[in-house]
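**Q**
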Amino acid sequence: TSAQPKISSYFQKT
Amino acid sequence: MFEARLVQGALLKKVLESIKDLLNEATWECAATGISLQAMDSSHVSLVALNLRSDGFDKYRCDRNVSLGMNLTNMAKIMKCASNDDVITIKAQDDADTVTFVFETPNQEKISDYEMKLMNLDTEHLGIPDTDYSCIVKMPSVEFQRICRDLSQIGDSVVISCTKEGVKFSAAGDLGTGNVKLAQNANVDKEEEAVVIEMQEPVSLTFACRYLNSFTKATPLAPQVQLSMSSDVPLVVEYKLEDMGYVRYYLAPKIED
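As given, the protein sequences belong to chains A and B, one line each in that order. Residue 86 is where the first sequence starts when you use our numbering, and the numbers rise one by one after that. Residue 189 is where the second sequence starts when you use our numbering, and the numbers rise one by one after that.
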């Protein structure tokens, strides 16, 4: 099984 | 006052088609340099970033920055009212709560205008760092669309493996497996048919078919698509709009539990 990370966990809020 | 006129109005229709699968609503940021949009899909898994430079428009005026928050389903309904050869103008007053779309036939004999209510959207803006990617693949956008469509019949995920020699797309599921290999091929008659790989080191990453398929809605925008990949960072799928800007999609690779 594999998990789909959210894109928001890779990029910082500005 | 904001006003942007595009003789090639079909381009705007295609841009909207390329994002409305992923985004229900988004804010179009209008500035003197052009129009940009950045938004995550509702599950926050993927990110869409697009830019339409002001010099790509036939007429462009933006006295002060305006944020046009739109329901994209409604915008698509209005865009469907424009013919492919119509000239499209987008207009908004400063601090307005509506946007106006004007569609003109090439001979100017029919002019339609549609006014749409704007939304106040609470938009989160993400900073996207510059990244040196391990592999950059340029390939025909139609080929990428075809591969994503074909392999999504086999499984929910596609493994993209890239070496200097070529790029391999693989899927596995209950019925069996499927692999599509494309060799690097820069010596073709037409530039848009080339498969070109710039590789620092090989990568093999797994992505959700569902999102890749949504990204391929941008296929009509560009003959080539560019895939930028590195381990443990989001894939970038980029469609360049000739003399105008780009539509980019970001998707993180799946992680083995």
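We put the CB at the ideal spot given by N, CA and C, even for glycine.
Name the chain A residues whose beta carbon is nearer than 9 Å to that of B/Ser405?
**A** The sequence given here places Lys at residue 405 of chain B; Ser does not occur at that position. Those within 9 Å of B/Lys405 in chain A number zero; the least Cβ separation is about 18 Å.
**Q** Please identify the residue among B/Ser418, B/Cys250, B/Leu429, B/Ile299 whose C-alpha is closest to the C-alpha of B/Lys442.
**A** Nearest of B/Ser418, B/Cys250, B/Leu429, B/Ile299 to B/Lys442, Cα basis: B/Ser418.
**Q** Would you identify the three-state DSSP class for B/Met189, choosing helix, strand or coil?
**A** Looking at B/Met189 - three-state DSSP - the assignment turns out to be coil, as it is neither helix nor strand.
**Q** Between the beta-carbon of B/Ser255 and the beta-carbon of B/Asn239, is there less than 8 Å?
**A** Their beta carbons are not under 8 Å apart, which means B/Ser255 does not touch B/Asn239 by this criterion.
**Q** Quick one: Cα of B/Gly343 to Cα of B/Asp431, how far?
**A** Each residue's alpha carbon lies about 37 Å from the other.
**Q** Tell me, which residues are paired with B/Leu225 by DSSP?
**A** Answer by DSSP bridge pairing, in chain order: B/Leu238.
**Q** With DSSP as the reference, label B/Met267 as helix, strand or coil.
**A** Three-state result, B/Met267: helix.
**Q** With a threshold of 7 Å on Cβ separation, who are the neighbours of B/Pro411 within its own chain once the five nearest residues in sequence on each side are excluded?
**A** The residues are Pro328, Ser329, Glu380.
**Q** Can you give me the Cβ contacts of B/Leu235 inside the same chain, cut-off strictly under 6 Å, excluding the 5 residues immediately before and after it?
**A** Answer for B/Leu235: Met228, Tyr438, listed in chain order.
**Q** Which bits of chain A does B/Ser345 rub up against, with CB to CB less than 8 Å?
**A** Within 8 Å Cβ-Cβ: Ser87.
**Q** For B/Glu312, which residues from the same chain have a beta carbon less than 8 Å from its beta carbon, with the 5 sequence-adjacent residues on both sides left out?
**A** Cβ within range, chain order: Met228.
**Q** Quick check on the DSSP output: the beta strand (DSSP E) that includes B/Ile335 runs from which residue to which?
**A** Unbroken run through B/Ile335 is the alpha helix (DSSP H), 329 to 339; no beta strand (DSSP E).
**Q** With hydrogens ignored, establish whether the beta-carbon of B/Phe190 is closer than 7 Å to any heavy atom of the ligand COA.
**A** What this structure holds is no ligand at all, so the ligand COA is not there to describe.
**Q** Quick one: is B/Leu235 near chain A, going by C-beta distance under 8 Å?
**A** So, interface residue.
**Q** Check whether the Cβ of B/Glu217 lies closer than 8 Å to any Cβ atom in chain A.
**A** For B/Glu217, the answer is no, since every Cβ of chain A falls outside 8 Å of its Cβ.
**Q** Could you tell me the boundaries of the alpha helix (DSSP H) in which B/Phe403 lies?
**A** Residues 397 to 403.
**Q** Let me see if you follow: with CB-CB separation under 8 Å, is B/Met228 close to chain A or not?
**A** Taking Cβ atoms only, chain A reaches closer than 8 Å to B/Met228, which makes this a yes.
**Q** For a contact meaning CB atoms closer than 7 Å, what does B/Glu312 contact in chain A?
**A** Those within 7 Å of B/Glu312 in chain A are Lys98.
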